[in-house]
Amino acid sequence: MLVIFHGPDSYSRHQALARLRAELDQDGMLGANTTVVDARELTLPALTMVCDAAPFLSAHRLVHVRGLLARAEADPSIANRRGRRGRPAGAGEDGEGWLALADYVERMPPTTVLVLEDGELRGGNPLLAALEPKARVEGFPRLSARQLEGWIARRAREVGVLFDKPALTRLAEATPSDLTEDRQWHGLWWLATEIEKLTLFAGGGRITEEDVERLVPAVLQTRVYALADAVVRREPEAALTALERLLMAGQPAPVLLTAIANRLRQLLLLRELTAAGVPEPEMRERAGLRSRPQFDILRRQAQTLTPARLEAAYLRVLDADRALKSGRMDDVTVLETLVAELAG
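Note that the working numbering has the sequence shown beginning at 862, numbered continuously upward.
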């Protein structure tokens, strides 16, 4: 049997593989009959040799290959490259000829389960197209905001807690959305960890938005980001609301002041780098912006603000910092005054 698990959601792929292993391991011997290989240096003859081996004291042999479809996508020529004397390249030492795998799976021993696991595929994959009709295929896409809320609610029920609707929304909004360089999305791993932490805190009860904001650092960070964003967009009501919630959550005034200062510094830097024609990858690195969506937002913001306004705002932040350190005014008054002035 051929099974293909592909898509960026690494957590759900992992869970699907665990379910498959449990389904196959009826005699407790699957572990001794499992082979996991990386596709980067794999050849078709080497793979078929492993798949042809009979299981030892078990009903099944599991062969788990990571990254083969991505390899074929990166270099489509390996799918049908031919070796010496016109033989398919996978038949000898001259290459892979991976399209021949579609023929092989039809004669693969019935005791063998071959699993191909890959992250996000961009489409037009010749090997996937050849194998799909002969495989059990499951896709694991990155979840939307609404799907994330549903996933959180289901996971919470499994562990015996309930999330208020605002708590669901806050946690979903804070879930990392970026793909890694190898096109993996690890957002559900992060969520599972945070839900476990919140469950221990709640002790089987109800989890509120305040619980999420207090216990999940990334949620607090999104609030800090929202504060700086509202200040830059000159939305005083939104900025003061974000400030109030952060102060109620126990965020120290110097931390919030630093967040506003950092945003202004990033915008100034992005204006300078754009004017100098610096390439985008270098701009992102120098501005400390790993997230592409965040970089795009800040670069657009930077172009809407004049250098004079950014510099004046930054000097006002320095004044507020001196006021905090001198103790002339209480922290809340300093921050509220600053935010009202900058966002007004």
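Glycine is no exception: its CB is placed at the ideal position from the N, C-alpha and C atoms.
Handout entry: Distance between beta carbons of LEU1130 and ALA1148, contact taken as under 8 Å
Key = The residue labelled residue 1148 in the question sits at position 287 within the sequence shown. The residue labelled residue 1130 in the question sits at position 269 within the sequence shown. Indeed they touch by this definition, with Cβ atoms about 5 Å apart.
Handout entry: Element boundaries [alpha helix (DSSP H), containing GLY1011]
Key = The count along the sequence shown starts at 1 and reaches residue 1011 at position 150. Counting along the chain, GLY1011 sits inside the alpha helix (DSSP H) bounded by residues 1006-1020.
Practice task
Label GLY1011 either buried or exposed according to how many other C-beta atoms from any shown protein chain fall within 10 Å of its C-beta, with 16 as the threshold for buried.
Solution key: Here the question's residue 1011 lines up with position 150 in the sequence shown. Counting Cβ neighbours within 10 Å, GLY1011 comes out exposed, since fewer than 16 surround it.
Practice task
Look at the alpha carbon of LEU988 and the alpha carbon of VAL926, and state the distance between them as a whole number of angstroms.
Solution key: Position 127 of the sequence shown holds residue 988. Position 65 of the sequence shown holds residue 926. If I take the Cα positions, the gap works out to 14 Å.
Exercise for the section: Give every residue of the same chain whose Cβ lies closer than 8 Å to the Cβ of ALA1181, excluding the five residues on either side of it in the sequence, and list them in chain order. Expected result: Start at 1 with the first residue of the sequence shown, and residue 1181 comes out as number 320. For ALA1181, where only same-chain residues beyond five positions count, the Cβ hits under 8 Å are LEU1118, VAL1195, LEU1196, THR1198 and LEU1199.
Exercise for the section: Go ahead and label THR1041 buried or exposed: buried means 16 or more other beta carbons lie within 10 angstroms of its beta carbon, across all protein chains shown. Expected result: In the sequence shown, the residue the question calls residue 1041 occupies position 180. With fewer than 16 Cβ atoms within 10 Å of its Cβ, THR1041 is classed as exposed.
Problem - Any 3 or more C-beta pairs closer than 8 Å across the segment 1160-1167 and the segment 1098-1112 - result: Short answer: they don't touch.
Problem - Counted within 10 angstroms of its Cβ, other Cβ atoms place VAL974 as buried (16 or more) or exposed - result: Taking the first residue of the sequence shown as position 1, residue 974 is located at position 113. By the neighbour-count criterion, in which 16 or more other beta carbons inside 10 Å mark a residue as buried, VAL974 falls on the buried side.
Practice task
Measuring alpha carbon to alpha carbon, tell me which of ALA1099, LEU923, PRO970 and GLY1064 ends up nearest LEU881.
Solution key: By one-based count along the sequence shown, residue 881 stands at place 20. Among ALA1099, LEU923, PRO970 and GLY1064, the Cα nearest to that of LEU881 belongs to LEU923.
Practice task
Flag this pair as touching only if the segment 1066-1080 and the segment 1030-1050 have three or more C-beta atom pairs under 8 Å; answer yes or no.
Solution key: With a cut-off of 8 Å, the segment 1030-1050 and the segment 1066-1080 count as touching, because enough Cβ pairs lie within range.
Practice task
Compute the Euclidean distance between the alpha carbons of TYR872 and LEU1049, then round it to the nearest angstrom.
Solution key: The sequence position of residue 872 within the sequence shown is 11, counting from 1. The sequence position of residue 1049 within the sequence shown is 188, counting from 1. Approximately 6 Å, taken between the alpha carbons.
Exercise for the section: Run the CB neighbour count on VAL897, radius 10 Å, all protein chains shown included, and call it buried at 16 or more, exposed below. Expected result: Working through the sequence shown from its first residue, we reach residue 897 at position 36. With fewer than 16 other Cβ atoms within 10 Å, it is exposed.
Practice task
Report, in whole angstroms, the separation of the C-beta atoms of VAL864 and ARG997, which I expect to be a contact under 8 Å.
Solution key: Mapped onto the sequence shown, residue 864 falls at position 3. Mapped onto the sequence shown, residue 997 falls at position 136. Between the beta-carbon of VAL864 and that of ARG997 there is about 5 Å, and that keeps the pair under the 8 Å contact cut.
Exercise for the section: Figure out for me which residue from VAL1022, VAL966, ARG1015 and PRO971 has the closest Cα to the Cα of LYS995. Expected result: The residue labelled residue 995 in the question sits at position 134 within the sequence shown. Of the residues VAL1022, VAL966, ARG1015 and PRO971, the one whose Cα lies closest to the Cα of LYS995 is VAL966.
Handout entry: Same chain, Cβ closer than 6 Å to PRO906, five either side skipped, listed in chain order
Key = Working through the sequence shown from its first residue, we reach residue 906 at position 45. Residues of the same chain with a CB within less than 6 Å of the CB of PRO906, apart from the 5 flanking positions on each side, do not exist.
Practice task
Note the first and the last residue of the continuous alpha helix (DSSP H) segment covering ARG927.
Solution key: Sequence index remark: in the sequence shown, residue 927 carries index 66 (1-based). ARG927 -> not in any alpha helix (DSSP H); beta strand (DSSP E) instead, spanning 922-927.
Exercise for the section: Specify the secondary structure class of PHE1156 as computed by DSSP and reduced to three states. Expected result: Reading the sequence shown from its first residue, position 295 is the one you call residue 1156. In this structure, DSSP gives PHE1156 a helical state, which the three-state scheme calls helix.
Exercise for the section: Tell me, please, whether the segment 1060-1068 touches the segment 1078-1089 by the rule of three or more beta-carbon pairs shorter than 8 Å. Expected result: No contact exists between the segment 1060-1068 and the segment 1078-1089.
Handout entry: Per DSSP, the bridge partner or partners of ASP1182
Key = Position 321 of the sequence shown, counted from the first residue, corresponds to residue 1182. Partner(s): none; ASP1182 has no beta bridge.
Practice task
Under 6 Å Cβ to Cβ from VAL1090, same chain only, skipping five residues before and after it: list those, please.
Solution key: Mapped onto the sequence shown, residue 1090 falls at position 229. In the sequence on display, residue 1090 carries Asp and not Val. Once the five neighbours on either side are set aside, ASP1090 has no close Cβ partner at all.
Exercise for the section: Mind listing, in chain order, the continuous beta strand (DSSP E) runs of no fewer than 3 residues lying wholly within the segment 879-905? Expected result: Qualifying beta strand (DSSP E) stretches, in chain order: 895-899.
Handout entry: Exposure label - ALA1127; buried when at least 16 CB within 10 Å
Key = Numbered from its first residue, the sequence shown carries residue 1127 at position 266. Here the sequence assigns Gln to residue 1127, which means Ala is not the residue at that position. GLN1127 is buried by the Cβ-count criterion.
Handout entry: Rounded C-alpha distance that separates VAL1020 from THR904
Key = Here residue 1020 is taken as the residue at index 159 of the sequence shown, counted from 1. Here residue 904 is taken as the residue at index 43 of the sequence shown, counted from 1. In this structure, the CA atom of VAL1020 is about 44 Å from the CA atom of THR904.
Exercise for the section: Tell whether a beta-carbon distance below 7 Å holds between LEU960 and ALA991. Expected result: Position 99 of the sequence shown, counted from the start, is the residue given in the question as residue 960. Position 130 of the sequence shown, counted from the start, is the residue given in the question as residue 991. Yes, the Cβ-Cβ distance between LEU960 and ALA991 is below 7 Å.
Practice task
Output the distance between the C-alpha atoms of ALA1087 and GLU993, rounded to the nearest integer angstrom.
Solution key: Position 226 of the sequence shown, counted from the start, is the residue given in the question as residue 1087. Position 132 of the sequence shown, counted from the start, is the residue given in the question as residue 993. Taking the straight line from one Cα to the other gives about 44 Å.
Exercise for the section: Please name the residue, chosen from ASP936, ASP888 and ALA1204, that lies closest to ALA1103 on a Cα-to-Cα basis. Expected result: The residue labelled residue 1103 in the question sits at position 242 within the sequence shown. Checking every option, the nearest Cα to that of ALA1103 belongs to ALA1204.
Exercise for the section: Write down the C-beta distance between GLY1000 and HIS875 rounded to the nearest angstrom, noting that I regard them as a contact closer than 8 Å. Expected result: Here the question's residue 1000 lines up with position 139 in the sequence shown. Here the question's residue 875 lines up with position 14 in the sequence shown. In fact, because the Cβ distance is near 15 Å, the residues do not count as touching under 8 Å.
Problem - Cut-off 8 Å between Cβ atoms - residues of its own chain near ALA877, not counting five sequence neighbours on either side - result: Looking up residue 877 in the sequence shown gives position 16. Sequence-distant Cβ neighbours of ALA877 in its own chain, meaning closer than 8 Å and more than five residues away, are PHE866, GLU999 and PHE1001.
Exercise for the section: Tell whether a beta-carbon distance below 7 Å holds between SER1152 and ASP1039. Expected result: Position 291 of the sequence shown, counted from the first residue, corresponds to residue 1152. Position 178 of the sequence shown, counted from the first residue, corresponds to residue 1039. Remark: C-beta atoms of SER1152 and ASP1039 approach each other more closely than 7 Å.
Practice task
Classify THR909 as buried or exposed, calling it buried when 16 or more other Cβ atoms lie within 10 Å of its own Cβ.
Solution key: Here residue 909 corresponds to residue number 48 of the sequence shown, with the count starting at 1. Classification of THR909: buried, given that the 10 Å Cβ count is 16 or more.
Exercise for the section: Can you have a look at GLU1062 and say buried or exposed, based on whether 16 or more other CB atoms are within 10 angstroms of its CB? Expected result: Here residue 1062 refers to the residue found at position 201 of the sequence shown. Rather than Glu, the amino acid found at residue 1062 in this sequence is Phe. Classification of PHE1062: exposed, given that the 10 Å Cβ count is below 16.
Handout entry: Classification of GLY1111 by the beta-carbon crowding that lies within 10 angstroms, buried from 16 upward
Key = The residue given as residue 1111 occupies position 250 in the sequence shown. Exposed is the call here.
Practice task
Confirm, please, whether the CB-CB distance from TRP1046 to PRO869 is below 7 Å.
Solution key: Locating residue 869 in the sequence shown gives position 8, counting from the first residue. Locating residue 1046 in the sequence shown gives position 185, counting from the first residue. PRO869 places its beta carbon less than 7 Å from that of TRP1046.
Exercise for the section: Using alpha carbons as the reference points, say which of ARG1177, ALA914 and ALA1174 lies closest to MET969. Expected result: In the sequence shown, counting from the first residue as 1, residue 969 sits at position 108. Of ARG1177, ALA914 and ALA1174, the smallest CA-CA separation from MET969 is found for ALA914.
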